[in-house]
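Numbering (my numbering), first residue to last: 42 to 561. All remarks here apply to the structure that follows.
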Amino acid sequence: MGYGWGMLLFLVGLLIGAGAGVAGFRYWMDKRNKELQDQARNILHEARKEAETIKKEAILQAKDSLFQMKAEFERETKESRREFQNLEKRILQKEENLDRKSEALDRRDGSISKREKVMQQQEKEIAEKEREFQALLEDQRKKLESLSGMSSQEAKEMLISSMESDARRDAALLVKKIETEAREMADKKAKDIISLAIQRYSGDYVAEKTVSVVTLPNEEMKGRIIGREGRNIRAIEASTGVDLIIDDTPEAVILSGFNPVRREVARLSLERLISDGRIHPARIEEIVEKVSVEIDNTIRESGEQAAFDVGVHGIHPELIKLLGKLKYRTSYAQNVLQHSREVAFLCGLMAAELGLNEKQAKRAGLLHDIGKAVDHEVEGPHAGIGADLAKKYGENPVIVHAIAAHHEDVPAEDVLSVLVQAADALSGARPGARKELLETYVKRLEDLERIAGGFQGICKAYAIQAGRELRIIVESEMVTDADVVMLSRDIAKKIETELSYPGQIKVTVIRETRAVEYAK
42 MGYGWGMLLF
52 LVGLLIGAGA
62 GVAGFRYWMD
72 KRNKELQDQA
82 RNILHEARKE
92 AETIKKEAIL
102 QAKDSLFQMK
112 AEFERETKES
122 RREFQNLEKR
132 ILQKEENLDR
142 KSEALDRRDG
152 SISKREKVMQ
162 QQEKEIAEKE
172 REFQALLEDQ
182 RKKLESLSGM
192 SSQEAKEMLI
202 SSMESDARRD
212 AALLVKKIET
222 EAREMADKKA
232 KDIISLAIQR
242 YSGDYVAEKT
252 VSVVTLPNEE
262 MKGRIIGREG
272 RNIRAIEAST
282 GVDLIIDDTP
292 EAVILSGFNP
302 VRREVARLSL
312 ERLISDGRIH
322 PARIEEIVEK
332 VSVEIDNTIR
342 ESGEQAAFDV
352 GVHGIHPELI
362 KLLGKLKYRT
372 SYAQNVLQHS
382 REVAFLCGLM
392 AAELGLNEKQ
402 AKRAGLLHDI
412 GKAVDHEVEG
422 PHAGIGADLA
432 KKYGENPVIV
442 HAIAAHHEDV
452 PAEDVLSVLV
462 QAADALSGAR
472 PGARKELLET
482 YVKRLEDLER
492 IAGGFQGICK
502 AYAIQAGREL
512 RIIVESEMVT
522 DADVVMLSRD
532 IAKKIETELS
542 YPGQIKVTVI
552 RETRAVEYAK
């Protein structure tokens, strides 16, 4: 029983404690909820205050932006209004100008209309007067035709023909007079022109034909060539007879001299001295002597080989030596020895075709330029010098005359002289002999014949002598003897104007009248 009451009291106490705990928990929860609500109200209050602040700032910024935009808009509006006003002013001014111009054009149009009416009236009057004039002129023409017995066209043709004939005759007489006077002054004038040309333009020929260049291994070699106090260069010049020019040209020495053989001796000697390295007066004299002997042998062998190639024998040894010297002589970039061979072959071919002495023709052709071997030592034309040499060494008088006449220094007296002239011209003017292209050569011949064919009255035209002569045959019915002079002159002038060619071109116009009758 006591145990039951105690348990009951325990349970009652337990229940009371539990209720008190529940009541305390509820009290704590209510207090906590109140605190949380207060915090929530504070946060909400702060959030509202911050939102109000942000709202106020946004409103202020919006107002500021709106104010700026309004100010910008007003400024742009003012500028646009100002531009529109200026544009409007310009448009108004242009309208005023256009109005003034329109008024001026209207006034001018009225004035032009009045002038047109006046001019139309004047044109009518002029046309009427012109008709009257033409009628009077026709009446006068008919009266003249009836009095003269020929039509106006016939009279015009007769007058033109008469004037043309008189003009041509006067022109032909004037040309003959001028040519006569020109021939009288030709010799003196030609000498003056040639001497002036030589004085003003001698550089290229001297530089190209009288100078040789020796290449040096280095610049120090120039000092060795000169030697102490110039003794080596003096020894070379004294031994060879050639001037040495040592200038600023890099690694090169120039040899100057008019004698091509001496210049070749000096060139070979200097090259050997340079390769040997021993350069002193005694060695220079020794080398020059050896090279001179070698060159003499080469010259003799070249002359003998040329005579053998052509098939000519019995030539004097001195002439053979002079012939070999032509190996070192050039004329317009053409080797004279090779040119002599060509002339010999051409002479032989033409002599064979004509039934003449072929060997004699070859001999004359081979020796025709022999004077060029010594023309730098002897005064006078090379043709005359060559003839004197050939005569001196016992050549046939026919050969001597052919050599003398191959440049028409003396008149040709036989066929052989003419053959040598023709062969010399062909060898010098053939394509490639003097650096002229075949196409240029053929085109020049075609152009010569074309120019001649462009004149009236030309029957045939031939470019002969390798383009050095243009021979023209005219129709005798269309061209008179007086016209021939003017025709040849006109063709020559046109050739000078249109073509470019070396030397000169001879224009020969041939007119002949043939009378043919048959005996029946």
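For glycine and all other residues, C-beta sits at the position ideal for the given N, C-alpha and C.
### Euclidean distance between Cα positions of E327 and E418
Numbered from 1 along the sequence shown, position 286 holds the residue referred to as residue 327. Numbered from 1 along the sequence shown, position 377 holds the residue referred to as residue 418. If you take the alpha carbons of E327 and E418, they lie about 26 angstroms apart.
### Message
For E345, tell me which candidate among S333, K331, V334 and L360 has the shortest Cα-Cα distance.
### Response
As a position in the sequence shown, residue 345 is number 304, starting the count at 1. Among S333, K331, V334 and L360, the Cα nearest to that of E345 belongs to L360.
### When A176, G425, F51 and I551 are compared against K413, the one with the closest alpha-carbon
Numbered from its first residue, the sequence shown carries residue 413 at position 372. Checking every option, the nearest Cα to that of K413 belongs to G425.
### Task
Return the CA-CA distance between A493 and V483, expressed in angstroms with no decimal places.
Here residue 493 corresponds to residue number 452 of the sequence shown, with the count starting at 1. Here residue 483 corresponds to residue number 442 of the sequence shown, with the count starting at 1. When rounded, the distance between both Cα atoms is 16 angstroms.
### As assigned by DSSP and simplified to three states, the class of S297
In the sequence shown, residue 297 corresponds to position 256, counting from 1. The answer is strand: DSSP assigns S297 an E or B state.
### Query
Mind pulling the beta strand (DSSP E) runs of 3 or more residues that sit fully within the region 337 to 367?
none
### Query
Alpha carbon to alpha carbon, what distance is there between L178 and K170?
Position 129 of the sequence shown holds residue 170. Position 137 of the sequence shown holds residue 178. K170 and L178: Cα-Cα distance of roughly 12 angstroms.
### Query
First and last residue of the beta strand (DSSP E) that includes R552?
Taking the first residue of the sequence shown as position 1, residue 552 is located at position 511. Unbroken run through R552: none, as it is neither H nor E.
### Query
Who are the Cβ neighbours of D450 in its own chain at under 7 angstroms, not counting the five residues just before and after it?
Here the question's residue 450 lines up with position 409 in the sequence shown. These residues qualify, in order along the chain: P422, A424 and G425.
### Beta-carbon contacts of L309 that lie in its chain and below 8 angstroms, excluding the five residues immediately before and after
Taking the first residue of the sequence shown as position 1, residue 309 is located at position 268. Same-chain partners within the cutoff: V332, E335 and I336.
### Task
Kindly identify the DSSP beta-bridge partner or partners of A276.
Position 235 of the sequence shown, counted from the first residue, corresponds to residue 276. Per DSSP, none; premise fails for A276.
### Task
May I have the straight-line CA-CA distance separating I95 from R67, to the nearest angstrom?
Counted from its first residue, the sequence shown places residue 95 at position 54. Counted from its first residue, the sequence shown places residue 67 at position 26. Near 41 angstroms, if we compare the C-alpha coordinates of R67 and I95.
### Task
Give the single residue among F174, R313, A59 and L101 whose Cα lies nearest to the Cα of P258.
Taking the sequence shown and counting its residues from 1, one reaches residue 258 at position 217. With distances taken between Cα atoms, P258 lies closest to R313.
### Message
Between the alpha carbons of K119 and A92, how many angstroms are there, rounded?
### Response
Numbered from 1 along the sequence shown, position 78 holds the residue referred to as residue 119. Numbered from 1 along the sequence shown, position 51 holds the residue referred to as residue 92. Going by the C-alpha atoms only, they are around 40 angstroms apart.
### Message
Per DSSP, what are the beta-bridge partners of A443 in this structure?
### Response
Here residue 443 is taken as the residue at index 402 of the sequence shown, counted from 1. Bridge partners of A443: none, in fact.
### Task
Can you give me the Cβ contacts of E490 inside the same chain, cut-off strictly under 8 angstroms, excluding the 5 residues immediately before and after it?
The residue you call residue 490 lines up with position 449 of the sequence shown. Cβ within range, chain order: A502, Y503, A504 and L511.
### Cross-strand partners of V255 (DSSP beta bridge)
If you number the sequence shown from 1, residue 255 lands on position 214. DSSP lists V294 as partners of V255.
### Query
Relative to the alpha-carbon of V439, which residue among M199, K97, A402 and E113 has its alpha-carbon at the smallest distance?
Here residue 439 refers to the residue found at position 398 of the sequence shown. For the residues M199, K97, A402 and E113, the minimum Cα distance to V439 belongs to A402.
### Task
With D430 as the anchor, note down where its alpha helix (DSSP H) starts and where it stops.
Your numbering for residue 430 matches position 389 in the sequence shown. The amino acid occupying residue 430 in the given sequence is Leu; Asp does not appear at that position. It spans H423 to K433 - the alpha helix (DSSP H) in which L430 sits, taken as one unbroken run.
### Message
So V526 and R552 are supposed to be a Cβ contact under 8 angstroms. How far apart are they, rounded?
### Response
Along the sequence shown, one-based indexing puts residue 526 at 485. Along the sequence shown, one-based indexing puts residue 552 at 511. Contact flag wrong, Cβ pair sits at about 11 angstroms.
#### Entry: Beta-bridge partners of I514, as assigned by DSSP
Residue 514 sits at position 473 when you count from the first residue of the sequence shown. Answer is K501 and I551.
### Query
In chain order, what residues of the same chain have a beta carbon less than 7 angstroms from the beta carbon of V520, not counting five sequence neighbours either side?
The count along the sequence shown starts at 1 and reaches residue 520 at position 479. Excluding residues within five positions, the ones whose Cβ falls inside 7 angstroms are G498, L528 and R552.
### Opening and closing residue of the alpha helix (DSSP H) in which L528 lies
As a first step, residue 528 is located in the sequence shown; it is residue number 487 there, counting from the start. First-last of the alpha helix (DSSP H) with L528: D522 to E539.
### Task
Assign L139 to buried or exposed, taking buried as 16 or more other Cβ atoms, counted over all protein chains shown, within 10 Å of its Cβ.
Walking along the sequence shown from the start, residue 139 turns up at place 98. Exposed, because fewer than 16 other Cβ atoms sit within 10 Å of the Cβ of L139.
### Message
On the CB-based measure, 16 or more other CB atoms within 10 Å of its CB, does G58 come out buried or exposed?
### Response
Here residue 58 is taken as the residue at index 17 of the sequence shown, counted from 1. That one is exposed.
### Query
In the structure shown, what three-state DSSP assignment does I266 receive?
Counting from 1 along the sequence shown, the entry for residue 266 is found at position 225. Looking at I266 - three-state DSSP - the assignment turns out to be helix.
### Message
Let me check understanding here. Comparing Cα to Cα, which of L430, Y434, Q462 and V441 lies closest to E383?
### Response
Walking along the sequence shown from the start, residue 383 turns up at place 342. Nearest of L430, Y434, Q462 and V441 to E383, Cα basis: Q462.
### Message
What does the alpha-carbon distance come out to for the pair K135 and K97?
### Response
As a first step, residue 135 is located in the sequence shown; it is residue number 94 there, counting from the start. As a first step, residue 97 is located in the sequence shown; it is residue number 56 there, counting from the start. Answer to the nearest angstrom: the Cα atoms are 56 angstroms apart.
### Task
Determine the contact status of A443 and R209, defining contact as a CB-CB distance below 8 angstroms.
If you number the sequence shown from 1, residue 443 lands on position 402. If you number the sequence shown from 1, residue 209 lands on position 168. Cβ atoms of A443 and R209: not closer than 8 angstroms.
### Query
Would Y369 pass as a contact of E292 if the rule is Cβ separation under 8 angstroms?
Within the sequence shown, residue 369 is the residue found at index 328, counting from 1. Within the sequence shown, residue 292 is the residue found at index 251, counting from 1. No, the Cβ-Cβ distance between Y369 and E292 is not below 8 angstroms.
### Query
Are the CB atoms of L408 and G427 nearer to each other than 8 angstroms?
Locating residue 408 in the sequence shown gives position 367, counting from the first residue. Locating residue 427 in the sequence shown gives position 386, counting from the first residue. Taking 8 angstroms as the Cβ cut-off, L408 and G427 qualify as a contacting pair.
### Task
Inspect the beta-carbon positions of L367 and V377 and report whether they are closer than 8 angstroms.
Within the sequence shown, numbered from 1, the residue matching residue 367 stands at position 326. Within the sequence shown, numbered from 1, the residue matching residue 377 stands at position 336. A contact, by the Cβ cut-off of 8 angstroms.
#### Entry: L408, enclosing alpha helix (DSSP H) - first and last residue
The residue you call residue 408 lines up with position 367 of the sequence shown. Note, L408: alpha helix (DSSP H), E399 to L408.
### Query
So, using beta-carbon positions, are I295 and I325 closer together than 8 angstroms?
Working through the sequence shown from its first residue, we reach residue 295 at position 254. Working through the sequence shown from its first residue, we reach residue 325 at position 284. In this structure, I325 does not lie closer than 8 angstroms to I295 by Cβ.
### From S187, D180, I315 and E539, residue whose alpha carbon lies closest to that of G268
What you label residue 268 is simply residue 227 of the sequence shown in a count that begins at 1. The shortest Cα separation from G268 among S187, D180, I315 and E539 belongs to I315.
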